[in-house]
Amino acid sequence: MRVRDLMLVGGVGLGGTAMMIGRAATPPGATISGKVTFTGTPPKMKPIDMAKEPFCARLHAAAPVLTENVTTGPSDALRWVLVYVSAGDQGSAPATETVRLDQKGCQYIPHVLVVQPNQPLDIYNDDSTSHNIHPLAKVNAEWNKSQPIGAPPIHAKWESPEFIPVKCNVHPWMHGWHLVLTTSHYAVTGEDGAFRLQGLPPGKYTITAWQEQFGTQSQDVTVTGSETKSVSFVFKATPY
Amino acid sequence: MTHATVAGAHRHAPPQGFLRKHVFSLDHKVIGKQYLDLALVAVCTGMILSWLMRFHLAWPETPIPGLAKLSPNGAAGGVITPEYYLSLMTMHGTIMVFFVLTTAPFAGFGNYFLPIQVGAEDMAFPRINMMSFWVTLVAFLVLISAFVVGDGPPLSGWTAYAPLSAVGKDAGPGQGVGQTLWAVSITLFCVAQLLGALNFVTTTLDLRTKGMSLARMPYSTWAWFITSVIGLIAFAVLMPACILLILDRVAGTSFFIPAGLVISDRLQPHAGGSPLLWQHLFWFFGHPEVYIAILPGFGIISHILPVFARKPLLGPRVMIACLVAIAFLSYTVWGHHMFLSGMNPFSATLFSVPTLVITIPATIVTLLWIGTIYGARLRFTTPALFCLGFVSVFVSGGISGFFLAQPSIDTYLHGTYFVVGHFHFVMGVAAMFGIFAATYFWAPKMFGRMMNETLGKWHFWLTFIGVYCVFMPMHYLGLAGNVRRYSAFTDDYLKPLIPLHRFITVAALFTGAAQLIFLFNLIRSRFRGPQAPDNPWEATSLEWSTTSPPPFDNFGGRPPVVERGPNEYGIGSGARGVDYGMQAAAARVSAR
Amino acid sequence: MGKLFAVVVTIITVVSTAIFIAHTWWLPPDISAHGHAIDRQLSETMISSGVLFVLSQLALALFAWRFGDREDGRRVKPFPGGATPMVVFAAVLVGAEILTLTLVGAKVWAGVFQTPPDPNSLQIDVQAEQFAFYFRYPGPDGRFGATHPELINEASENFFGLDPARDTSARDDIVVPTLTIPLNRPIALTLRAKDVNHAFYVPELRIQQDFVPGLTIPLHFTATQTGRYEIVCTQLCGLGHYNMRAYIEVLPQAQFDQWLKDKAAQQ
Chain S
1 MRVRDLMLVG GVGLGGTAMM IGRAATPPGA TISGKVTFTG TPPKMKPIDM
51 AKEPFCARLH AAAPVLTENV TTGPSDALRW VLVYVSAGDQ GSAPATETVR
101 LDQKGCQYIP HVLVVQPNQP LDIYNDDSTS HNIHPLAKVN AEWNKSQPIG
151 APPIHAKWES PEFIPVKCNV HPWMHGWHLV LTTSHYAVTG EDGAFRLQGL
201 PPGKYTITAW QEQFGTQSQD VTVTGSETKS VSFVFKATPY
Chain R
1 MTHATVAGAH RHAPPQGFLR KHVFSLDHKV IGKQYLDLAL VAVCTGMILS
51 WLMRFHLAWP ETPIPGLAKL SPNGAAGGVI TPEYYLSLMT MHGTIMVFFV
101 LTTAPFAGFG NYFLPIQVGA EDMAFPRINM MSFWVTLVAF LVLISAFVVG
151 DGPPLSGWTA YAPLSAVGKD AGPGQGVGQT LWAVSITLFC VAQLLGALNF
201 VTTTLDLRTK GMSLARMPYS TWAWFITSVI GLIAFAVLMP ACILLILDRV
251 AGTSFFIPAG LVISDRLQPH AGGSPLLWQH LFWFFGHPEV YIAILPGFGI
301 ISHILPVFAR KPLLGPRVMI ACLVAIAFLS YTVWGHHMFL SGMNPFSATL
351 FSVPTLVITI PATIVTLLWI GTIYGARLRF TTPALFCLGF VSVFVSGGIS
401 GFFLAQPSID TYLHGTYFVV GHFHFVMGVA AMFGIFAATY FWAPKMFGRM
451 MNETLGKWHF WLTFIGVYCV FMPMHYLGLA GNVRRYSAFT DDYLKPLIPL
501 HRFITVAALF TGAAQLIFLF NLIRSRFRGP QAPDNPWEAT SLEWSTTSPP
551 PFDNFGGRPP VVERGPNEYG IGSGARGVDY GMQAAAARVS AR
Chain F
1 MGKLFAVVVT IITVVSTAIF IAHTWWLPPD ISAHGHAIDR QLSETMISSG
51 VLFVLSQLAL ALFAWRFGDR EDGRRVKPFP GGATPMVVFA AVLVGAEILT
101 LTLVGAKVWA GVFQTPPDPN SLQIDVQAEQ FAFYFRYPGP DGRFGATHPE
151 LINEASENFF GLDPARDTSA RDDIVVPTLT IPLNRPIALT LRAKDVNHAF
201 YVPELRIQQD FVPGLTIPLH FTATQTGRYE IVCTQLCGLG HYNMRAYIEV
251 LPQAQFDQWL KDKAAQQ
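Protein chains in written order, with the numbering used here: chain S, 1 to 240; chain R, 1 to 592; chain F, 1 to 267.
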């Protein structure tokens, strides 16, 4: 009897622990996944000439970085597209871990960064040059801050939901985005244009895809259990 | 024509109570000392800012201890950010030009000594005089408040060129409320100086005592008088210019901002303005301003040098004529700050002509000083040394102006350290030497106590050698093309010049430290120095005919009657104590 | 004390003059067609002002040395001739030097800033912004596209606000951050500012000019040596002023032509 009780307690304990640790594994709930692609002719991804900043120019001498406002991948995939639950959000967990933004090689890494309101954001200068990060916020307070060589990281946070373009006051080609979302159900597409939203409780959701140049597209998706629903977004691209 | 003060129009009863005697005083002597104390606080502030700047230029990545606490935004981790460097530079220039170089030699010493030197009981308008000090103090406090409000102090330089200074906070850190506070502060400063200049002019023309004709006025009085006239016109232009700047910033006007500007990714909602208009207005004030800064020094040196040479100033009428010529010409040259500004290039040639012509009276006055010490019997006291040092540094600073006055050469030297070396020699050194000479000379009269001569001489030598080590190398940097107003030297061609910058920084820190000797001497002597006689230097002008310090009405109710000009030195048999003739008849002369 | 003053002033004068003469820190070699005239003006000024500098400092030193009070009851001596020699020296000698420098200098200045550019010049459009320079070549069609400030988009490298969707002449415009020019060919720049005042300064080219928002300012020169030089900003424009530079590459004509062709192909 006691051994059985022990095994029951142990099993519940292990299972519960597994559930908590295993959030990265398949959480209970539905999954909405798919790909973001484009039709038409996208603008050329141009190499960025960083000649005016010799340190960064040297870093990219062998392989220049390309503009990131429209980044395409194989099979007409679109990178850096945010796909998220814009309405009907349930079961979002507030995120508390610190997100890191790097200014490295005179680029913002990642180009599109997602945080939740009041989530800690640490901004590092990894380059041997000064940067001055300037988020052009309209709902949140706008600010800019210099980080000379060797300066400590900036500890920031955003209070209100907003899509904030970010530029560097010193290097005109450096652009990125800080996307402040209340939902934790989001994904940013990679080179393959794929996204996966997991752990969705049953309900009706509006899923929105946002691309910085092409704007937004939304679709309504209803999930009932732990099925996987497939959704795709296709943006119309023009060369200019 | 002189007006006696006995008529009582300006007589006021002796002040009673601490506040009336020392704080809200109508007495020009107290007001003069208040201005000097303000300038002292300002120069210490401005000097500390320059140490921070120089340290950063020499060692840009080295943290400065304590700075992170003082300014967590400007110097996180103790390393000055590029914008904070420019803010320090802006505040350094603004504080030094306005609150030191315009305040001390003109408002400070001028207020104290002009009425006495013309034999009056006080300035013509004592209440306006008091108001002008308090408005200056408020202007200073408004300026300093930029350090602690909003985004910090402005970074557009003391010259505040539009549109950087006019569009508001889009233009960068410090360009928000900090820049507005700057403009308000300068507007207030202009008001104060206009009030003060009004007093100086009226007192000089109307309150001279019996026998004090214009020709018999001391050269320092002449210089203060001429400076006031310059100031009346110059500040009257800067004040509306700053008001227009404030309007552009807060009221949506576009005096200085054209259409189509994109700053911080935003199209600016302005149209129709001209950035060059700001430059013209500013420099129309700005060039006469630098003569406002130096002309009192010319007067002070011309006043003090004969005392210690025991010989009259050479060519006093020529000297006065040159001061008047310089004052007049100072209004015709402002475009030499704008040769490359985008104004019509033909204007550059036009402006360069009077700029070069000013060299002539400037050369004459320098030669008159040198000629004064020819055949002299020089007494090398501290004030005398600073007079001689003044001549040397003024030569150095003036000569570099010769290059910048020519547009063809300015094509290369504009915006480089050559300019920085030039204006620091003439303003930061020569004008300062004038202030030092005046302080050592007049401290016994103002405080009734002698300053320590040994400390004074140490101060002189360390400063004289130090300033040459700081500012002469800047001309070499300029010839190499070293651009100014850079917070760091990262360009390929500038990196080899950094060792010379380090030399300058070390020299600047040493020279700055040497000023502590002056501060210590000044403060200690003011309260504990040995008693000063009425006329310790055996000088002739009216301030030496009264007690040290003078009574509240300057002459104890008995206005002096003047018999001679101020230049009666080296007369008589040459036996000690009787080689000069005091301006006042039957003066109380105390033996040395 | 007077002797000490004289010695110190003499040492300062000799050392500082020696450093000027030795060219320890000096202008870089001139690579422009017009620069020799500026260099000559500078040398002439350096000599005449150097003489004035040395003479006045040494006179000051000499008099401080000789004319201290030795308490021997001697009488003071006025300067021979009084103030008149001073006035004459300044008005005549200094005046003559000023006249010469002005007349010659005005011609040098006019040669750079008051003459129209060579009709054969290569036209390049220059935009200065916080904190970079961008250079625009008209491309194979030989025409510059129109600029629209509201279309400026740095993230997509549209620094000039061109409208290639609707403006065909804008499609082949070449926009680069490095000023590449051919050797010995007159270059005609048009300077425009996107936001605040900036300036264009190349020490080796002996050329400098402010950019003024709202104005379109011409600047022309010819480079006479190949190489890579720096263009730096000399008009305070904000926090990145110290870091605002571009490189200028002077290439032999054939190499430049190839560069231009390669760039055109990339548009």
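Cβ coordinates follow ideal geometry from the N, Cα and C atoms, glycine included.
For Gly215(S), no Cβ of chain R is located within less than 9 Å of the residue's own Cβ. Chain-ordered, the chain S residues with CB closer than 9 Å to the CB of Ala165(F) read Thr238, Pro239, Tyr240. Assignment of Pro213(F) by DSSP, reduced to helix, strand and coil, places it in the coil class. His36(F) counts as exposed, since fewer than 16 other C-beta atoms from the protein chains shown sit within 10 angstroms of its C-beta. His422(R) counts as buried, since at least 16 other C-beta atoms from the protein chains shown sit within 10 angstroms of its C-beta. Here Gln258(F) is exposed. Its C-beta has fewer than 16 other C-beta atoms within 10 Å. Within the region 50-126 of chain F, the runs of alpha helix (DSSP H) that reach at least 4 residues and sit entirely inside it are, in chain order, 84-88, 95-113. The beta carbon of Trp210(S) sits no closer than 9 Å to any beta carbon of chain F.
Counted as a single uninterrupted DSSP element, the alpha helix (DSSP H) harbouring Trp458(R) occupies residues 453-479.
The residue from Leu207(R), Ile465(R), Arg528(R) with its alpha-carbon nearest to that of Pro444(R) is Arg528(R). Taking a C-beta distance under 9 Å as the contact criterion, Ser87(R) and Pro163(R) do not qualify as a contact pair. Rounded to whole angstroms, the separation of the alpha carbons of Pro164(F) and Thr238(S) is 11 Å.
Taking 9 Å as the threshold, the shortest C-beta distance from Asn169(S) to chain F falls below it. Minimum Cα-Cα distance from Ala64(F) among the listed residues Val391(R), Leu26(R), Met446(R) corresponds to Val391(R). Annotated three-state conformation of Trp158(S) is coil, per DSSP. Judged by DSSP secondary structure, Arg377(R) falls outside any alpha helix (DSSP H); it is assigned neither H nor E. Closer than 8 Å at the C-beta level to chain F, one finds these residues of the region 66-83 of chain R: Thr81, Pro82, Glu83.
In the displayed model, Ser156(F) falls within a helix according to three-state DSSP. Residue-level contact check: Ile98(F) touches chain R, since one or more beta carbons of chain R fall below 9 Å from its beta carbon. Three or more beta-carbon pairs separated by less than 8 Å link the region 200-216 of chain S to the region 82-96 of chain S, which places the two stretches in contact.
Interface annotation, Thr129(S): in contact with chain F, CB-CB separation under 9 Å. In its chain, beyond the 5 residues on either side, Thr13, Thr17 have a beta carbon closer than 8 Å to the beta carbon of Val54(F). The alpha-carbon of Asp170(R) is positioned some 8 Å away from that of Gly176(R). Residue burial is scored here from C-beta neighbours: Phe441(R) has at least 16 other C-beta atoms within 10 angstroms and is therefore classed as buried. Within the region 217-250 of chain F, the residues whose Cβ lies closer than 9 Å to some Cβ of chain S are Gly238, Leu239, Gly240, Tyr242, Asn243, Met244, Arg245, Ala246, Tyr247, listed in chain order. No Cβ of chain S is located within less than 9 Å of the beta carbon of Gln255(F).
Arg524(R) has a beta carbon lying at 9 Å or more from every beta carbon in chain F.
Against chain R, the beta carbon of Asn144(S) has neighbours under 7 Å at Pro173, listed in chain order. Judged by DSSP in its simplified three-state form, Gln208(F) adopts strand. At least one CB atom of chain F sits nearer than 9 Å to the CB of Thr67(S). Minimum Cα-Cα distance from Leu57(R) among the listed residues Pro560(R), His287(R), Leu494(R), Thr546(R) corresponds to Leu494(R). Looking at the backbone, the Cα of Pro43(S) and that of Phe140(R) are separated by about 55 Å. Residue Gly335(R) holds the alpha-carbon nearest to the alpha-carbon of Leu277(R) among Ile263(R), Pro296(R), Gly335(R). For the region 19-68 of chain S, the continuous alpha helix (DSSP H) assignments of 4+ residues that do not extend past its boundaries occur at 54-59, in sequence order. Bounds of any beta strand (DSSP E) do not take in Asn199(R); it lies within the alpha helix (DSSP H) bounded by 177-206. For Phe195(S), the beta-bridge partners assigned by DSSP are Gly34(S).
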